[in-house]
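With the numbering used here applied, the sequence shown covers 20 to 141.
Backbone N, C-alpha and C fix where the C-beta goes; we use that ideal spot for every residue, glycine too.
Structure first, then comments.
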Amino acid sequence: MAHIAGVELPKDKVVLIGLTYLYGIGRHISHEILAKANIDETIRVKDLSMEQEKVLRDIIQNDYIVEGSLRTQISMNIKRLVEIGAYRGIRHRRSLPVHGQRTHTNARTRKGPKPGAIKKKK
Numbered sequence: 020m021a022h023i024a025g026v027e028l029p030k031d032k033v034v035l036i037g038l039t040y041l042y043g044i045g046r047h048i049s050h051e052i053l054a055k056a057n058i059d060e061t062i063r064v065k066d067l068s069m070e071q072e073k074v075l076r077d078i079i080q081n082d083y084i085v086e087g088s089l090r091t092q093i094s095m096n097i098k099r100l101v102e103i104g105a106y107r108g109i110r111h112r113r114s115l116p117v118h119g120q121r122t123h124t125n126a127r128t129r130k131g132p133k134p135g136a137i138k139k140k141k
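See below:
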């Protein structure tokens, strides 16, 4: 079973999909990593040899920011925007959509449930 960047990859998945279980790696980057490592995309994670796992681990560790360090970097970027008082920082502070979406209606995921919403008794 492949263990990369502190995450166990699911053994029954295809390697292309298995790498996407790492935070910060999607299908496109997974495709790039496998091309660099000269590994077939259709091989299963359980069928990877130890050398192939080591090559994948080295490529991800040296060329990409993933998992904890990426989460830290993103949170520090948001914190910086909030501290300097940028528009995006203010939107983060108020828990509103940041990328220009409308808020008159919708945006319930970001804003949370309506204040004062009355629920029916069962």
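Original post:
Quick one: what does DSSP say E27 is sitting in, helix, strand or coil?
Top reply: Strand.
Original post:
When burial is assigned at 16 or more other CB atoms within 10 Å of the CB, is L115 buried or exposed?
Top reply: By the 10 Å Cβ count, L115 comes out exposed.
Original post:
What residues in its chain sit with their C-beta under 7 angstroms from that of R76, if we drop five residues either side in the sequence?
Top reply: Only I23 meet the Cβ criterion.
Original post:
Which residues bound the alpha helix (DSSP H) around I78?
Top reply: Its alpha helix (DSSP H) spans residues M69 to D82.
Original post:
alpha helix (DSSP H) containing V101: first to last residue?
Top reply: Its alpha helix (DSSP H) spans residues E86 to I103.
Original post:
What three-state label does DSSP hand R121 in the structure shown?
Top reply: R121: coil per DSSP, three-state reduction.
Subject >> Sequence-distant residues of its chain with Cβ nearer than 7 angstroms to Y40 (five each side left out) >> reply: So the list reads V26, L28 and P29, once near-sequence residues are dropped.
**OP:** From the DSSP output, read off the bridge partner residues of V64.
**Re:** Bridge partners of V64: none, in fact.
Original post:
Could you check where the alpha helix (DSSP H) with A126 kicks off and where it finishes?
Top reply: Looking at the DSSP string, A126 is not in any alpha helix (DSSP H), and its letter there is neither H nor E.
Subject >> Alpha-carbon spacing of D59 relative to E72, whole angstroms >> reply: Roughly 13 angstroms between the two C-alpha positions.
Original post:
Is the segment 39-54 touching the segment 79-86 in the sense that three or more CB pairs, one from each, lie closer than 8 angstroms?
Top reply: With the cut-off at 8 angstroms, the segment 79-86 and the segment 39-54 touch.
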